[in-house]
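Student: Residue numbers (my numbering): 29 to 354.
Here is the structure:
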């Protein structure tokens, strides 16, 4: 479990939480909003650890006291983490929170409930949680994490202090990767290309060697589409659609490829390009497209991504897209 000082980015939110602790103004409920993998849970756990710590140092947990060790090992008796069982947070889980909330803190001065993916709460669970939020208790804090605020009850949102977590910058993700793993430049560039500002996703990508091969393979197919016959395109579409989850990743790869070509055409600035290990090829590819054509291609890719979120036939969708990309 990280301390505040170990977290990449989100310094404004961290300072706000540190000030709340130092001024004894910790809110009854917080709602951390932002994309998946950008550091919401990491920050929430660092906040909990700091609240529990018996030897605070400059607004941060010491990392060594008994409370810090318990939090680090995941067995602090006053920290309760709740996540969806199956596809949702259910009423029984929130009723269990009610039972614990009725008791005094076991060890310290505060009980913390950390709820992940709160947008998955069933209506019954959300209304049950709302009753708890409507009755502030100085000895209880809720930290709700969500990527989809529009899916939450407005009455739940209104009773929380909201902290927004943005996608991390390229520099921040690079720093996080270098702190965590010993990586080559190609692995870092791949992670930056596909991570979408998520350090968690970047770490996952760097540990997936298969994904690196899939990216290179996908770009080879895209760059050679004009040379393929109709039958060859149909076969390639079938191969690409074999895994629906991986097809979504491939579409991200393709979209970012054309994005780089467009950026090169418009700016001639290599620093803006995500596919840094393809810098020699991107200017060559740019010769074959107009900006208007690239905008239309990117629109088609995004349309295909939306189709894949429905029950559309994945093979047919990618086949039509590949024909449009020729």
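The beta carbon of each residue, even a glycine, is placed where N, CA and C say it ideally should be.
To which residues of the same chain is residue 199 closer than 7 angstroms at the C-beta, ignoring the five residues directly before and after it?
Tutor: Start at 1 with the first residue of the chain shown, and residue 199 comes out as number 171. Here the set comprises nothing.
Student: When DSSP labels each residue in this structure, what does residue 268 get in the three-state scheme?
Tutor: Reading the chain shown from its first residue, position 240 is the one you call residue 268. DSSP places residue 268 in helix when its eight states are reduced to three.
Student: To the nearest angstrom, how far is the alpha carbon of residue 306 from that of residue 248?
Tutor: Translated into positions along the chain shown, residue 306 becomes position 278. Translated into positions along the chain shown, residue 248 becomes position 220. Using only the alpha carbons, I get a separation of about 12 angstroms.
Student: Is the stretch 136-152 in contact with the stretch 95-113, if contact means three or more CB pairs nearer than 8 angstroms?
Tutor: Touching, yes, given that three or more Cβ pairs across the two stretches are closer than 8 angstroms.
Student: May I ask which residues mark the beginning and end of the beta strand (DSSP E) holding residue 58?
Tutor: If you number the chain shown from 1, residue 58 lands on position 30. Unbroken beta strand (DSSP E) run through residue 58: 57-61.
Student: If we count Cβ pairs, one from each stretch, closer than 8 angstroms, do we get three or more for the stretch 79-99 versus the stretch 117-129?
Tutor: Output reads no: the stretch 117-129 does not touch the stretch 79-99.
Student: On a CA-only basis, which of 302, 289, 330 and 299 is nearest residue 312? Give me that one, please.
Tutor: Residue numbering aside, residue 312 sits at position 284 when the chain shown is read from its first letter. Of the candidates 302, 289, 330 and 299, the one whose C-alpha sits nearest the C-alpha of residue 312 is 289.
Student: If you draw a straight line from the C-alpha of residue 322 to the C-alpha of residue 246, how long is it?
Tutor: What you label residue 322 is simply residue 294 of the chain shown in a count that begins at 1. What you label residue 246 is simply residue 218 of the chain shown in a count that begins at 1. Spanning the two alpha carbons is a distance of roughly 18 angstroms.
Student: Would you grab the beta carbon distance between residue 189 and residue 76 for me? Rounded to a whole angstrom, and I think it's under 8 angstroms.
Tutor: Here the question's residue 189 lines up with position 161 in the chain shown. Here the question's residue 76 lines up with position 48 in the chain shown. Residue 189 to residue 76, Cβ: 15 angstroms. No contact.
Student: What does residue 273 pair with, by DSSP beta-bridge criteria?
Tutor: Taking the first residue of the chain shown as position 1, residue 273 is located at position 245. Its beta-bridge partners do not exist; DSSP assigns none.
Student: Taking the CB atoms as reference points, tell me whether residue 382 and residue 330 lie closer together than 8 angstroms.
Tutor: Nothing about residue 382 can be reported from this structure: the residues present for the chain run from 29 to 354 only.
Student: Taking the Cβ atom as the reference point for each residue, do residue 285 and residue 314 lie within a distance shorter than 8 angstroms?
Tutor: Start at 1 with the first residue of the chain shown, and residue 285 comes out as number 257. Start at 1 with the first residue of the chain shown, and residue 314 comes out as number 286. No, the Cβ-Cβ distance between residue 285 and residue 314 is not below 8 angstroms.
Student: Taking residue 342 and residue 269 to be in contact with their CB atoms under 8 angstroms, please state how far apart those CB atoms are, rounded to whole angstroms.
Tutor: Here the question's residue 342 lines up with position 314 in the chain shown. Here the question's residue 269 lines up with position 241 in the chain shown. Right, the Cβ-Cβ distance comes to about 4 angstroms (below 8 angstroms), so this counts as a contact.
Student: Is it right to say residue 178 is buried, meaning 16 or more other beta carbons lie within 10 angstroms of its own, or is it exposed?
Tutor: For the purposes of this step, residue 178 is identified with residue 150 of the chain shown, where counting begins at 1. Exposed, by the Cβ-count rule.
Student: Should residue 52 go down as buried or exposed, given a rule of 16 or more other Cβ atoms within 10 Å for buried?
Tutor: What you label residue 52 is simply residue 24 of the chain shown in a count that begins at 1. Result: exposed.
Student: Would you kindly report the start and end of the unbroken alpha helix (DSSP H) that includes residue 46?
Tutor: Taking the chain shown and counting its residues from 1, one reaches residue 46 at position 18. Note, residue 46: alpha helix (DSSP H), 39-50.
Student: I think residue 38 touches residue 193, with their Cβ atoms under 8 angstroms apart; what is that distance to the nearest whole Å?
Tutor: On the chain shown, residue 38 is found 10 positions in, with the first residue counted as 1. On the chain shown, residue 193 is found 165 positions in, with the first residue counted as 1. 6 angstroms between Cβ atoms; contact.
Student: Going by C-alpha to C-alpha distance, which of 215, 326 and 320 sits closest to residue 234?
Tutor: Numbered from its first residue, the chain shown carries residue 234 at position 206. Of the listed residues, the one whose Cα sits closest to residue 234 is 215.
Student: I need the straight-line Cα distance from residue 78 to residue 132, nearest angstrom please.
Tutor: On the chain shown, residue 78 is found 50 positions in, with the first residue counted as 1. On the chain shown, residue 132 is found 104 positions in, with the first residue counted as 1. When rounded, the distance between both Cα atoms is 19 angstroms.
Student: Are there 16 or more other CB atoms within 10 angstroms of the CB of residue 145, so buried, or fewer, so exposed?
Tutor: Numbered from its first residue, the chain shown carries residue 145 at position 117. With 16 or more Cβ atoms within 10 Å of its Cβ, residue 145 is classed as buried.
Student: Does DSSP classify residue 120 as helix, strand or coil?
Tutor: Walking along the chain shown from the start, residue 120 turns up at place 92. It is helical.
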